[in-house]
Amino acid sequence: MLICANGRKHMPKPIVPMTVEAATMELPDTKTLRLKWPDGYAVEFKTGQFITVHFPDAPAYKRAYSLSSCALDRGFYEITIKREGKMGTRLVDWTQPGDQLMVIPPAGRFLPVFEPNKHLICIAGGSGVTPFRGFVREATRRRLKTRITVLYSVRTTNDIIFNAEFRALAQENRNFSFYVTCTRLSAQDPWSGRRGRIDGAWVREQIQDLPNTVFYACGPNPLVEAAEHLVWQDLAVPREQMKTEKWG
Ligand SMILES: Cc1cc2nc3c(=O)[nH]c(=O)nc-3n(C[C@H](O)[C@H](O)[C@H](O)COP(=O)(O)OP(=O)(O)OC[C@H]3O[C@@H](n4cnc5c(N)ncnc54)[C@H](O)[C@@H]3O)c2cc1C
Numbered sequence: 007m008l009i010c011a012n013g014r015k016h017m018p019k020p021i022v023p024m025t026v027e028a029a030t031m032e033l034p035d036t037k038t039l040r041l042k043w044p045d046g047y048a049v050e051f052k053t054g055q056f057i058t059v060h061f062p063d064a065p066a067y068k069r070a071y072s073l074s075s076c077a078l079d080r081g082f083y084e085i086t087i088k089r090e091g092k093m094g095t096r097l098v099d100w101t102q103p104g105d106q107l108m109v110i111p112p113a114g115r116f117l118p119v120f121e122p123n124k125h126l127i128c129i130a131g132g133s134g135v136t137p138f139r140g141f142v143r144e145a146t147r148r149r150l151k152t153r154i155t156v157l158y159s160v161r162t163t164n165d166i167i168f169n170a171e172f173r174a175l176a177q178e179n180r181n182f183s184f185y186v187t188c189t190r191l192s193a194q195d196p197w198s199g200r201r202g203r204i205d206g207a208w209v210r211e212q213i214q215d216l217p218n219t220v221f222y223a224c225g226p227n228p229l230v231e232a233a234e235h236l237v238w239q240d241l242a243v244p245r246e247q248m249k250t251e252k253w254g
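In this note's numbering, the protein residues as written are 7 to 254.
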């Protein structure tokens with residue numbers, strides 16, 4: 007037990023060993039791991055939170071991963087990792103079903119506002135799309151009226167994580183829209199969709215009722231900071247209408 011500066015007792019969160027139940031390559035550099043909860047594990051958590059993991063042989067090297075599954079999924083967590091840095095490479099290239107990871111329970115405040123009149127505009131770049139899979143999965147399963155629009159920036163059409171899944175969810179859930187923009191396609195590429203970075207004009211096109219719109223941005227810091235600038239400065243949206251998750 008820790009005693010905090012304010013004198014309150016604080017129980018550290020338990021670290022629980024979990025077995026990798028499945029490993030799915032989403033793209034050549036991106037993998038989803040399904041971590042099976044041990045018997046008797048019954049944690050309350052929310053869609054959009056992250057878990058923190060370490061390998062059993064390296065307890066000091068911990069990294070956070072957003073849940074790409076949702077709070078309705080019980081019995082396992084899913085995280086989706088890009089091969090990036092030491093931990094990212096070990097998880098993507100070396101971690102297989104049957105391996106163990108140590109897991110600190112979900113935390114974080116990057117939570118979807120699932121109110122019927124709200125519109126969530128979710129700005130993602132590259133692997134930053136992971137928590138939005140959880141948002142859309144929960145809203146679709148619960149048949150919520152909340153509108154969700156994902157604006158997703160990728161380099162090329164080969165870099166769209168969960169492409170088929172998001173498109174299937176958009177078919178099933180008429181309150182969900184999935185739009186992709188490609189930033190580095192060659193001029194000859196047959197892609198007929200949008201090209202170039204996410205900009206103020208594109209975001210503005212999505213807005214119908216600004217006071218009831220909540221903006222989200224998730225991923226590496228430069229992407230999230232660019233999204234903050236766009237929403238707060240270019241669109242003059244009040245700060246409290248935007249939630250961000252910065253990965254560092
Ligand atoms: C709350 C939270 C949620 C996160 N969720 C995810 C997730 O769902 N999927 C995921 O792949 N990563 C996620 N990350 C990033 C993850 O924690 C690690 O930073 C990442 O796996 C690299 O760790 P590393 O130890 O291998 O490299 P490090 O040595 O820690 O960092 C390597 C460099 O890569 C940059 N970087 C980290 N992640 C990315 C990325 N995905 N794309 C581009 N640059 C990156 C860092 O800024 C750093 O400069 C999350 C981070 C936080 C704080």
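Idealized CB from N, CA, C, for every residue including glycine.
Supposed contact pair Met93 and Tyr67 - C-beta distance, whole angstroms, cut 8 Å: The Cβ separation is near 7 Å, so the contact holds.
Check: Ile57 C-beta below 6 Å from any heavy atom of ligand 1: No, ligand 1 has no heavy atom inside 6 Å of this Cβ.
Expected contact under 8 Å - CB spacing of Phe182 and Leu107 to nearest Å: Here Phe182 is actually not in contact with Leu107; their C-beta atoms are around 31 Å apart, not less than 8 Å.
Residue from Thr189, Lys124, Met24, Phe116 whose Cα sits closest to the Cα of Thr163: For Thr163, the nearest C-alpha among the options comes from Thr189.
Close beta carbons around Arg200, own chain, < 6 Å, minus the five adjacent residues each side: Excluding positions up to five away in sequence, the list reads Thr187.
Residue from Leu157, Arg161, Phe184, Gly81 whose Cα sits closest to the Cα of Ala170: Considering only alpha carbons, the answer is Phe184.
Residues passing the C-beta test against ligand 1 heavy atoms, cut-off 5 Å: Those residues having their beta-carbon less than 5 Å away from any non-hydrogen atom of ligand 1 are, in chain order, Phe56, Arg69, Ala70, Tyr71, Ser72, Ile87, Lys88, Glu90, Gly91, Lys92, Met93, Gly94, Ser133, Thr136, Pro226, Trp253, Gly254.
Phe138 in three-state terms, based on DSSP: The three-state reading of DSSP puts Phe138 in helix, counting H, G and I together.
Span separating the alpha-carbon of Trp238 from that of Gly46: Each residue's Cα considered, the two are about 45 Å apart.
Residues bridged to Glu84 [DSSP beta-bridge criterion]: Note: Glu84 sits in a beta bridge opposite Arg40.
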